[in-house]
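Colleague: The numbers in the working numbering rise by one with no breaks, and the one at position 24 of the sequence shown is 37. A virtual CB, placed ideally from N, CA and C, is assigned to each residue, including glycine. Quick one: the structure is below, and I'll ask about it shortly.
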Amino acid sequence: MPFIQITIAEGLDDRRKHELLTDVSAAAARASGTPEESFRVWLVEVPATEVMIGGTRLADRRAAAARSTTP
């Protein structure tokens with residue numbers, strides 16, 4: 014029984030999380046020739062304050078982006 018863990022920064026809505034899980038499960042089954050029912054796929058959400066991109070916390074990048082789009 015294959016296990017797939019997807020670690021993402023918090024922020025996706027439930028619909029997108031569901032689509033991600035569904036699409037990854039289907040793609041893994043297709044690529045491996047293993048029945049989709051055999052896969053266990055789950056998401057681990059990490060707070061944006063605990064994710065770094067290029068030395069900057071994701072929370073800070075998001076805050077800066079929000080400030081730059083505010084009139």
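Contact defined as beta carbons within less than 8 Å: I believe M14 pairs with R74. What is the distance between those atoms, to the nearest angstrom?
Modeller: On the sequence shown, position 1 is the one that residue 14 refers to. On the sequence shown, position 61 is the one that residue 74 refers to. Wrong, their Cβ atoms sit about 37 Å apart, outside the cutoff.
Colleague: Report the residue from I17, A72, T35, L56 whose alpha carbon sits nearest the alpha carbon of T62.
Modeller: Within the sequence shown, residue 62 is the residue found at index 49, counting from 1. That would be A72, whose Cα lies nearest to the Cα of T62.
Colleague: Using the Cα positions of V37 and L56, report the straight-line distance between them to the nearest angstrom.
Modeller: Within the sequence shown, the letter at position 24 stands for residue 37. Within the sequence shown, the letter at position 43 stands for residue 56. Roughly 11 Å between the two C-alpha positions.
Colleague: For the putative contact between E58 and E23, defined by C-beta atoms under 8 Å, what is the C-beta separation to the nearest angstrom?
Modeller: The residue labelled residue 58 in the question sits at position 45 within the sequence shown. The residue labelled residue 23 in the question sits at position 10 within the sequence shown. About 5 Å separates the two Cβ atoms, so the contact holds.
Colleague: Using the DSSP secondary-structure output, state which residues sit across from R75 in a beta bridge.
Modeller: The residue given as residue 75 occupies position 62 in the sequence shown. Answer is none; R75 lacks a bridge partner.
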